[in-house]
Amino acid sequence: MITEITKAQLLAWRLGTLANRGRATSAQISMAKRNNVAMAIEIAREARQIHGGMGITNEYPIMRHMMNLESVVTYEGTHDIHLLITGHDVTGLEAFK
Ligand SMILES: Cc1cc2nc3c(=O)[nH]c(=O)nc-3n(C[C@H](O)[C@H](O)[C@H](O)COP(=O)(O)OP(=O)(O)OC[C@H]3O[C@@H](n4cnc5c(N)ncnc54)[C@H](O)[C@@H]3O)c2cc1C
Numbered sequence: 052m053i054t055e056i057t058k059a060q061l062l063a064w065r066l067g068t069l070a071n072r073g074r075a076t077s078a079q080i081s082m083a084k085r086n087n088v089a090m091a092i093e094i095a096r097e098a099r100q101i102h103g104g105m106g107i108t109n110e111y112p113i114m115r116h117m118m119n120l121e122s123v124v125t126y127e128g129t130h131d132i133h134l135l136i137t138g139h140d141v142t143g144l145e146a147f148k
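When the letters of the sequence shown are read in order and numbered with the numbering used here, they come out as residues 52 to 148.
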């Protein structure tokens, strides 16, 4: 978990430095948003699994984090649409119009 979070933080940090210089592209933002949200939800799911039933009850906030992250998968560009943007950026081919 900590390794994946650290990698995601590095991606966000690099994007932030580019954005501060006005050099971040929308395709780079798509890549970072998609990757980091997917990583975060995977970790939340694993944490929920580790905690068994306690991961589901209201006593701990894990399920709340999972539900928040399910929203983020969809809003501000869905996981799939960001993938299409990344694909276009890499290949120059549009899979959508
Ligand atoms: C909590 C929350 C807050 C929001 N806040 C705002 C806000 O403040 N302002 C705002 O404008 N909107 C907001 N939205 C709306 C959000 O941006 C849209 O829900 C999102 O863009 C997805 O659009 P849709 O719901 O019409 O899904 P659709 O576009 O109908 O997509 C449905 C599914 O099909 C997939 N899909 C769609 N097209 C393709 C394609 N060409 N190829 C492959 N897969 C595809 C999508 O990835 C998705 O999984 C919010 C949504 C949520 C859940």
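For each residue, glycine too, the CB sits at the ideal point set by N, CA and C.
(request) Say yes only if the C-beta of L120 is nearer than 8 Å to one or more non-hydrogen atoms of ligand 1, and no if none qualify. (result) For ligand 1, not one heavy atom lies less than 8 Å from the Cβ of L120.
(message) Please classify L66 as buried or exposed, where buried requires at least 16 neighbouring CB atoms within 10 angstroms.
(response) Looking at its Cβ environment, which holds 16 or more other Cβ atoms inside 10 Å, L66 is buried.
(message) Just to confirm before moving on: does the CB-CB distance between L120 and V141 stay below 9 Å?
(response) With a cutoff of 9 Å on beta-carbon distance, L120 and V141 are scored as not near each other.
(message) Can you check which of these residues, G138, R85, T68, is closest to V124 by C-alpha distance?
(response) R85
(request) Starting from the C-beta of S77, find all residues in its chain whose C-beta is less than 8 Å away, skip the five residues before and the five after it, and write them out in chain order. (result) I136
(request) Indicate whether I113 and A95 have their beta-carbon atoms separated by less than 9 Å. (result) yes
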